[in-house]
Amino acid sequence: MTLQEKLIKTSNEKLAQRRTSWTFMRALLWKNWLIKKRQPMATLCEILVPTFFILLLGVLKLLTETVEVPAGWSDDADNTAGTRYNLFQPTGRNIEWVDADLPKFALHESTMTGLMLKLARQSIDDGLRLEELSASDLTACRTGVLAGGLVDTNTSSPFS
């Protein structure tokens, strides 16, 4: 073994002994301390802003009343008493001339499928209520839908 190989071997061993996790941690902590020392306002904001919001959420939680809602799918009929239903209930609503199982929670579904089910159910319900209209109202409704494309169910809307 040559002198150069011996020097390289001993220097690599010494370097390996100095490379510990403590030396890395010490270097990172020192760099972090230098950065924090240079920017005291940023350090103060990093501490105070999250503390403020944690305290704010705690105060808001104390100001509200707790509503016990059992596990499962809940409706919004009463905001002070929780109710529970099965979200996966296969049937919920029956329309005599529609030969399909209609889900109970199409109105509360937040996906595009739920939106399409809600719109379909609303159009069927509106179609069933057409018999309640007088002859003049029915004619005005048909003319508005066919000629003008007026489809809003809100009677105060200009599109109904």
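Under the working numbering, residue 332 is the last one in the sequence shown; the count climbs by one each step, no gaps. Just so it is clear, CB atoms sit at the ideal spot from N, CA and C, and this is done for glycine as well. The structure displayed is predicted, hence computed values, not measured ones.
{"Check": "Of the listed residues Thr311, Asp298, Glu303, nearest to Asp324 (C-alpha basis)", "Outcome": "Asp298"}
{"Check": "Inter-residue spacing [alpha-carbon to alpha-carbon] between Ile207 and Leu201", "Outcome": "10 Å"}
{"Check": "Cβ distance (whole Å) where Leu310 is taken to contact Gly316 below 8 Å", "Outcome": "Leu310 to Gly316, Cβ: 11 Å. No contact."}
{"Check": "Ser193: first and last residue of the uninterrupted alpha helix (DSSP H) it sits in", "Outcome": "193–210"}
{"Check": "Backbone secondary structure at Val317 - three-state DSSP", "Outcome": "helix"}
{"Check": "Secondary structure of Leu322, DSSP reduced to three states", "Outcome": "coil"}
{"Check": "Reduced DSSP category for Glu304 - H, G, I as helix; E, B as strand; rest coil", "Outcome": "helix"}
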